[in-house]
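Undergrad: In the numbering used here, the protein residues as written are 787 to 907.
Ideal Cβ positions, reconstructed from N, Cα and C, are used throughout, including at glycine.
Let me begin by handing over the structure; questions about it come next.
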């Protein structure tokens, strides 16, 4: 969707309405009547939120399409291996009290380990 050229709209607007009038006119002309969307839902990002959103939509009979720019899924729940080191991209600390995490993640497959008291993260 592109916006109309500002010069054509602003030139016809009164000075008092120059700032607001172009956008009001543009959005008023692009509104559509409300109707159920029958196409696929597009979800940008295959991180935790995107994957959970897709799962919820699928459970409700929708057909989500997840779009991901990187070479894998999981967002920050991912580790890279470089020169014998394991580098976490993020999510190094997981708070097990998160109810959504317990519901959505396979915690056993993540092979989580507890930090010792006083550990610096």
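Per DSSP, residue 828 is paired with what?
TA: The residue you call residue 828 lines up with position 42 of the chain shown. Answer by DSSP bridge pairing, in chain order: 851.
Undergrad: How about residue 827 and residue 853: are their beta carbons less than 8 Å apart?
TA: As a working mapping, residue 827 is identified with position 41 in the chain shown. As a working mapping, residue 853 is identified with position 67 in the chain shown. Going by C-beta atoms, residue 827 is not nearer than 8 Å to residue 853.
Undergrad: Unbroken beta strand (DSSP E) runs of length 3 or more, entirely within the stretch 834-891: which are they?
TA: 850-853, 865-868 and 871-874
Undergrad: Indicate whether the contact test is met: 3 or more Cβ pairs, each with one atom in the stretch 878-898 and one in the stretch 854-861, closer than 8 Å.
TA: Look at the beta carbons and you see the stretch 878-898 not touching the stretch 854-861: under three pairs across the two are nearer than 8 Å.
Undergrad: Return the chain-ordered list of same chain residues with a C-beta closer than 6 Å to the C-beta of residue 862, the five sequence neighbours on each side being excluded.
TA: On the chain shown, residue 862 is found 76 positions in, with the first residue counted as 1. Sequence-distant partners of residue 862 (beyond 5 residues in either direction) whose C-beta falls short of 6 Å from its own C-beta, in its chain, are 875, 876 and 877.
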